[in-house]
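2 protein chains.
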Amino acid sequence: MAQTSPTFSPLYRQIKSLMLVALESGEWSPGQAIPSEQELAARFGVSQGTVRKAIDEMAAENLLVRKQGKGTYVASHNDPRSLFRFLRLVPEGEDLSHPVSVPLECWRAKAGQEAARVLAIEPGSPIIIVRRLLEFSAKPVVVDEIYLPGEVFQGLTLEMLQGWKGSLYSLFETRFGLRMIRAEERIRAVAADRRTAEMLRVKEGVPLLSVERVTFTYGDRPVEWRRGLYSTDEHFYLNELN
Amino acid sequence: MAQTSPTFSPLYRQIKSLMLVALESGEWSPGQAIPSEQELAARFGVSQGTVRKAIDEMAAENLLVRKQGKGTYVASHNDPRSLFRFLRLVPEGEDLSHPVSVPLECWRAKAGQEAARVLAIEPGSPIIIVRRLLEFSAKPVVVDEIYLPGEVFQGLTLEMLQGWKGSLYSLFETRFGLRMIRAEERIRAVAADRRTAEMLRVKEGVPLLSVERVTFTYGDRPVEWRRGLYSTDEHFYLNELN
DNA sequence: GAGTGGTCTAGACCACTGG
DNA sequence: CAGTGGTCTAGACCACTCT
Chain A
2 MAQTSPTFSP LYRQIKSLML VALESGEWSP GQAIPSEQEL AARFGVSQGT VRKAIDEMAA
62 ENLLVRKQGK GTYVASHNDP RSLFRFLRLV PEGEDLSHPV SVPLECWRAK AGQEAARVLA
122 IEPGSPIIIV RRLLEFSAKP VVVDEIYLPG EVFQGLTLEM LQGWKGSLYS LFETRFGLRM
182 IRAEERIRAV AADRRTAEML RVKEGVPLLS VERVTFTYGD RPVEWRRGLY STDEHFYLNE
242 LN
Chain B
2 MAQTSPTFSP LYRQIKSLML VALESGEWSP GQAIPSEQEL AARFGVSQGT VRKAIDEMAA
62 ENLLVRKQGK GTYVASHNDP RSLFRFLRLV PEGEDLSHPV SVPLECWRAK AGQEAARVLA
122 IEPGSPIIIV RRLLEFSAKP VVVDEIYLPG EVFQGLTLEM LQGWKGSLYS LFETRFGLRM
182 IRAEERIRAV AADRRTAEML RVKEGVPLLS VERVTFTYGD RPVEWRRGLY STDEHFYLNE
242 LN
């Protein structure tokens, strides 16, 4: 028997799409409360339960955050709770200090073949490259090289990076209106080259984690490509499998 | 103002607890269908919607699997779909072949301090140690050393491991009634020692991923501790951050 | 107390599976 | 066709937050 409706989409998913539009268009911005379930139900002409189910899914995807008695908020990287959502590196001991980002360089370039492919832009189009260090308790643990599409990050400077208190993604969100939704990391083991070894204060040739990350914003659009080299003598990469 | 009920637990969570008991006790076993939502609602004296919400959570935790039109099933590691739930290693190219497990050794020992701590058993109590190779397209890529509490895995032998077609966890589930629910992995970069290098057919000193995994069954009880060394010249560890 | 999200119910109907 | 999970509704009440 043929499917009766091969493209069947339940009502709450259509509502979800409408809400995603409100997010992408900036009608609702990070950290702000969205309208109450009652209001949304009225606005979309459905029952509260249907709106609820749409919100449920979006909360599960970390797009929204529910706060009982207060309202539903657009998730934000400014929220300290989402600090470790993308950083999986953990100190071996009881060290509870916050990691500190130390921007080193920031320059313009043209996208090569690989960067263009990963960022889904034209080869030769402008990109911005950032190098920075991540320190735990004043100890350098990660060297990152970050590739950003120039189109989106116009006006990004080293001074801006150095002046920012908070995570990179919180800066991207606040200054460029770009919210990072999800990421993919490819992890390999590599030997430290001389330059990296110096920066991480380890010996040349020491095994490091190479963590290559592609980060996506709304609509699964890739907007960041970074490669980090992690020293794992006093830290480890923690992954929870569910 | 004091909280009116500091230990408030909604009805659907209580239902969930009851269903967890049914799972742990073996009343419902992996791969089998559980009673329909209607039946469960009658059995527990609640509405279908409440049962539904309990099942929703358990499905989100990969304890149950819903199949529209058929019923709700207890998740099983025999299901091919759950094969890559815990193995995050991916070949670089288009290689779609299944990894093959090659058990090498299996012997008895007494738990040392660390093994005892991780497995939450007494130091000196019996454990079983398994060494095995994981091959992709006949190429050795991972050497695993696996520590299991002897209490639980009585009767496990090298022959049993070698005779088994399927994943380790599917064997554990079928032969020992132990279902693995979740795991934590700690990843570091290390240099290959001579013995490992030979087994993985790489040079001594080559950087490898060290992946230490603790696996838990129902009730967050740790029942497996393993350390794998991954060669990442033709494969990488893929992690999705959401 | 007013407003928010969170729970629970009862009932109707839809989509999918299998005999 | 009967039985399953999936959707949608409308309404009642609860827990939490802030004023």
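Protein chains in written order, with this note's numbering: chain A, 2 to 243; chain B, 2 to 243.
Using N, Cα and C, we set each Cβ at its ideal position, and we do this for glycine too.
Against chain B, with Cβ distances strictly below 8 Å, would residue i count as a contact?
i: Tyr238/A; result: yes
i: Arg183/A; result: yes
i: Leu172/A; result: no
i: Thr158/A; result: no
i: Ile208/A; result: Ile is not the amino acid found at residue 208/A; the sequence shown has Pro there. Chain B, which has a Cβ nearer than 8 Å to the Cβ of Pro208/A, makes this yes.
i: Thr8/A; result: no
i: Thr233/A; result: yes
i: Thr175/A; result: no
Excluding the 5 residues preceding and the 5 following residue i in the sequence, name in chain order all residues of the same chain whose CB lies nearer than 8 Å to its CB.
i: Val142/A; result: Leu90, Pro100, Leu135, Glu136, Leu201, Tyr231, Ser232, Glu235 and His236
i: Gln39/B; result: Gln49
i: Ser83/B; result: Asn63, Ala76 and Ser77
i: Ser168/B; result: His78, Leu84 and Ser102
Is residue j closer than 8 Å to residue i when the C-beta atoms are compared?
i: Arg109/A; j: Gly151/A; result: yes
i: Pro208/A; j: Ala190/B; result: yes
i: Phe154/A; j: Ile129/A; result: yes
i: Met181/B; j: Tyr170/B; result: yes
i: Trp226/B; j: Ala116/B; result: yes
i: Leu252/A; j: Arg187/B; result: Any answer about residue 252/A is impossible in this case: the structure gives chain A only from 2 up to 243.
i: Pro11/B; j: Leu120/B; result: no
i: Arg196/B; j: Glu146/B; result: no
i: Gln114/B; j: Pro127/B; result: no
i: Arg176/A; j: Leu242/B; result: no
Determine whether the Cβ of residue i lies closer than 8 Å to any Cβ atom of chain A.
i: Ile188/B; result: yes
i: Ala192/B; result: yes
i: Phe154/B; result: no
i: Phe85/B; result: no
i: Met20/B; result: no
i: Leu105/B; result: no
i: Asn243/B; result: yes
i: Asn63/B; result: yes
i: Thr51/B; result: no
i: Ala3/B; result: Note on Ala3/B: pLDDT 40, under 50, position unreliable in the model; no value is reported.
Per DSSP, residue i is paired with what?
i: Phe217/B; result: Arg183/B and Pro223/B
i: Pro104/A; result: Arg133/A
i: His236/A; result: Pro92/A
i: Pro141/A; result: Glu136/A
i: Glu146/B; result: Arg132/B and Arg228/B
i: Gly72/B; result: Lys68/B
i: Ala210/B; result: Strictly speaking, residue 210/B in this sequence is Leu, with Ala absent from that position. Partner(s): Ala190/B and Tyr231/B.
i: Lys111/A; result: Pro127/A
i: Glu241/B; result: Glu185/A
i: Ala34/A; result: Tyr74/A
Here's a check: name, in chain order, each residue in its chain whose Cβ is nearer than 7 Å to the Cβ of residue i, leaving out the five neighbours to either side.
i: Ser37/A; result: Gly72
i: Ala3/A; result: For Ala3/A, the pLDDT reaches just 41, beneath the cut-off of 50, and the residue's location in the model is therefore unreliable, although a value from the coordinates is still provided. The answer is none, since no qualifying residue turns up.
i: Leu105/B; result: Arg132, Arg133 and Leu134
i: Thr5/B; result: No answer about Thr5/B holds up, because its pLDDT of 48 lies below 50 and its placement is not dependable.
i: Leu159/B; result: Pro104, Glu106 and Cys107
i: Gly206/B; result: Ala192 and Ala193
i: Ser98/B; result: Phe137 and Ser138
Can you find the residues in the same chain that come closer than 6 Å, C-beta to C-beta, to residue i, ignoring five residues on each side of it along the sequence?
i: Leu172/A; result: Trp165
i: Thr216/A; result: Met181, Ala184 and Glu225
i: Tyr13/A; result: Thr51, Lys54 and Ala55
i: Gly94/B; result: none
i: Glu245/A; result: Limits of chain A in this structure are 2 at one end and 243 at the other, which puts residue 245/A out of reach.
i: Leu41/A; result: Val52
i: Val66/A; result: Tyr74 and Ala76
Worksheet entry | the segment 22-41 of chain B touching the segment 62-80 of chain B, judged by at least three CB pairs closer than 8 Å | yes
Item to complete: Inspect the CB distances between the segment 49-66 of chain B and the segment 17-29 of chain B and report whether three or more fall short of 8 Å.
Response: yes
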